[in-house]
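What follows is one structure encoded as structure tokens, with my remarks underneath.
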Amino acid sequence: MAYQTPITIKTAIDNIKKRHYLLPSIQREFVWDTDQIETLFDSLMRDYPISTFLFWKVDKNKIKDFQFYEFLNKYHEKDNRHNRKAEPSNEEDIIALLDGQQRMTSMYVALTGSYSKKMPYYRKNSSYAYPEKKLYLNLLKPSDELEAEYDFRFLTESEAEPSEGYYWFECGHILDLTDMGKISMYMMKNKLMDTSVYTEQQSEFAINTLNEFFNVIHQKGTISYYLEKGEELDKVLQIFIRINSGGTKLSYSDLLLSIATAQWKEKDAREVIHEFVDSINQIGEGFNFNKDIVLKLCLVLADFDVKFKVDNFTKENMMTIEKNWEKTSAAIRASIELISNLGYNRDNLSATNAIIPIAYFIYKNDFIDSILYSGQRDSDRKAIREWLARVLLRGTFGGTPDSIYPVMRNIFNDNPGRFPLHEIIEHYRGRNKSISFNEDDIESILDLSYGKAKTYCALSLLYPGLNYSFKYHQDHIHPQSFFNKKVLRKNGFSEDIIDTYLNNYNSLANLQLLQATQNIEKSDKPFVSWLEQTYLTQAERESYLMQNHITPNQSLEFSEFMNFIQIRRKTLKHKLMSLLDVKTNSYEIELTE
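Anchor point for the sequence shown: position 571 equals 570 in numbering that gives the first Met the number 0, and the numbering is continuous, going up by one each time.
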């Protein structure tokens, strides 16, 4: 990127008119108000710096890959706020403005167009509410404003009529006054040098002001700029992010979404995706998905390169994504509804990008209508539940998981019609993304405590037969309220026992998944009392204990809590090792892929 010889405003305006200068789709829309434009022109006249611009030279062979926009010159707050899409010829290179859009558009509006914003107290649909105004410069005297030297104002044609102390020069006319001779001719024709019409002081101010305005537009190299010539679009985007990080930081996905918005033909990608994110986050007990996940899903489900870079958001790719949006969004929604049915939400789904392979499986196999409730898909639901618990427990989707998606796509495509849990486990066995477990891993799982996201994953494995039509809570088998120093001391427990109880009551061995209504009824009742009141027969009690991995013949009294914890931990260990196919004292060697 090199600093270039400054150019005049007239040169920049001519290049905009010829569509040689365009706006990339990553740029925001024009937002400056009239007072900002007036201040800009006062700064130009006073030779104040207006910051450097950043141009990007786009090779004619690259132009077709992305959408560009024309500069706006007739701004209308109601009817014309959006830039028109450009149709460059692809016969010559173009210059895309990466930094300075607001300033450059302001100059273009002021010198070639108009600005119409709503007047106060008028109805929005009134034809009088948005008067067309152009930028004018008073040639007879300085500004009355303390912070301005020159009196620039946006005025209607009637407001610009001459009056005492005011001769309003329409700023756009300066483009036609291309030399000093034309400046003098204009002054003569409009009697600005006639001291019988204007005072000597007014005439002198008019001559100096118009000459200075001519110099600013036609002669001074006011537009200082850097020129980026690199053809790597990803680099350009990184530059754009860097130079725009001073204010509200632009995220990478914000800019990619801008590109998608520019490329879609029938839908507004920004509006569609934002609304979709809002809606999927309302599913079940709520989630924390964002537009990054949705954009990544669009790439993965369309079988494109999954890397989050500009080159993957080409016009052709965006057309494909738009065409497939209905199916894509339906598959994403179905996958989130599925994991919601499995008991996941914003609190226990520790890696939101784990949803991506599930959505791909549903999308590729056309299971959108069947994955949630069809009996034929029951084995798939069970496999997904186990896979999700495994990857979340192992932290598979932490860091940068982009390498996972192509592998998963290949496995799904090689095993159509079913969720290939076994094949996924075997593919990653011994690798750094392994979702297999050894005995030490099981001990770590058993050390999980109440309220942790991974704790729910472990419990979901331990309760494979739950009816997920109901809502389930993580519940303390021996009630949490009992584990209070004052209560324990009152009940005669020694300080050593109290510390041991307090260190273990939140452990996995004292947790179960219990239907929400049952959990509310259970509340802080002693476990033995609740068990006898809820399950009236010995057979019912034994069935409950078996389903919850509690040995029937052990003491369930609170006084025997530590014995209960030790026995149930061993039971849970045996169950998890069986479920996760772990052999005693077997260890996997973790290798780098």
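No residue lacks a Cβ here, since even glycine has one placed at the ideal position from N, Cα and C.
(Q) Let me confirm a value: Leu535 is counted as buried when at least 16 other C-beta atoms fall within 10 Å, else exposed. Which label applies? (A) exposed
Q: Starting from Gln514, trace the beta strand (DSSP E) both ways and give me its first and last residue.
A: Leu510 to Gln514
Q) Looking only at DSSP bridge pairs, what is Trp167 linked to? A) Asn137
Q) Residues bridged to Ala95 by DSSP? A) Leu21 and Trp55
Q | Euclidean distance between Cα positions of Arg80 and Glu28 | A | 8 Å
Q) By DSSP, does Ile6 sit in helix, in strand, or in coil? A) strand
Q) Under the DSSP definition of a beta bridge, which residues are partnered with Asp474? A) Gln511
**Q.** CA nearest to the CA of Thr4, picked from Tyr185, Trp167, Pro141 and Lys219
**A.** Lys219
Q: Look at the Cβ atom of Leu22, then the Cβ atom of Phe70, and state whether they are nearer than 8 Å.
A: yes
Q: Count the other CB atoms, across all protein chains shown, that sit within 10 Å of the CB of Ile519; report buried if there are 16 or more and exposed otherwise.
A: exposed
**Q.** Of the listed residues Glu148, Ser378 and Ala333, nearest to Lys363 (C-alpha basis)
**A.** Ala333
Q. Could you give the residue range of the beta strand (DSSP E) that holds Leu154?
A. Phe151 to Leu154
Q. Can you name the residues that DSSP bridges to Phe67?
A. Pro23
Q: Mind reading off the beta-carbon distance from Tyr114 to Asp41? Whole number of angstroms is fine, and I expect it under 8 Å.
A: Actually they are not in contact, since the Cβ atoms of Tyr114 and Asp41 sit about 16 Å apart, beyond 8 Å.
Q) Does Lys264 have its Cβ less than 8 Å from a Cβ in chain C? A) Note that chain C does not occur in the displayed structure, where there is just one protein chain.
Q: With DSSP as the reference, please indicate the residues paired to His75 in a beta bridge.
A: Asn79 and Ser115
(Q) Quick check on this structure: which residue in Pro130, Ser50 and Ser125 has the alpha carbon closest to the alpha carbon of Lys73? (A) Pro130
(Q) Distance check for Lys132 and Leu154, CA to CA, integer angstroms please. (A) 5 Å
Q: State the DSSP-derived secondary structure class of Ser554, mapped to helix, strand or coil.
A: coil
Q: Please say whether Gln262 and Gln66 have beta carbons closer to each other than 8 Å?
A: yes
Q: Decide if Asn316 is buried, meaning its Cβ has at least 16 other Cβ atoms within 10 Å, or exposed.
A: buried
Q: Measure the alpha-carbon distance for Tyr68 versus Asn82 and round it to whole angstroms.
A: 6 Å
Q: Compute the Euclidean distance between the alpha carbons of Ile15 and Ser24, then round it to the nearest angstrom.
A: 16 Å
Q: Compare the beta carbon distance of Leu465 and Leu510 with 8 Å and say whether it is the shorter of the two.
A: no
**Q.** Residue burial classification, Arg45 (beta-carbon count within 10 angstroms, cutoff 16)
**A.** exposed
Q) Can you tell me whether DSSP reads Lys264 as helix, strand or coil? A) coil
Q) Out of curiosity, what's the CA-to-CA distance linking Pro478 and Phe396? A) 34 Å
Q. Alpha carbon to alpha carbon, how far is Ala11 from Phe307?
A. 34 Å
Q | Among His573, Tyr462, Gly229 and Asp58, the one whose alpha carbon lies nearest that of Glu442 | A | His573
Q) What are the boundary residues of the alpha helix (DSSP H) that includes Glu425? A) Leu420 to Tyr427
Q: Count the other CB atoms, across all protein chains shown, that sit within 10 Å of the CB of Arg408; report buried if there are 16 or more and exposed otherwise.
A: buried
Q: Check the C-beta distance from Lys290 over to Leu256 and give it rounded, since I have them as a contact under 8 Å.
A: 6 Å
Q. In three-state terms, what does DSSP make of Tyr225?
A. strand
Q. What does a CB cutoff of less than 6 Å around Pro551 pick up in its chain, not counting 5 residues either side in sequence?
A. Glu541 and Leu544
Q. Where Ile588 and Asp439 are concerned, what is the direct C-alpha to C-alpha distance, given to the nearest angstrom?
A. Residue placement at Ile588 cannot be trusted, given a pLDDT of 36 that sits under 50; the coordinates are not used to answer.
(Q) To test your reading of the DSSP string, which unbroken alpha helix (DSSP H) runs of 4 or more residues are found completely within the segment 383-467? (A) 403-413, 420-427, 438-445 and 452-461
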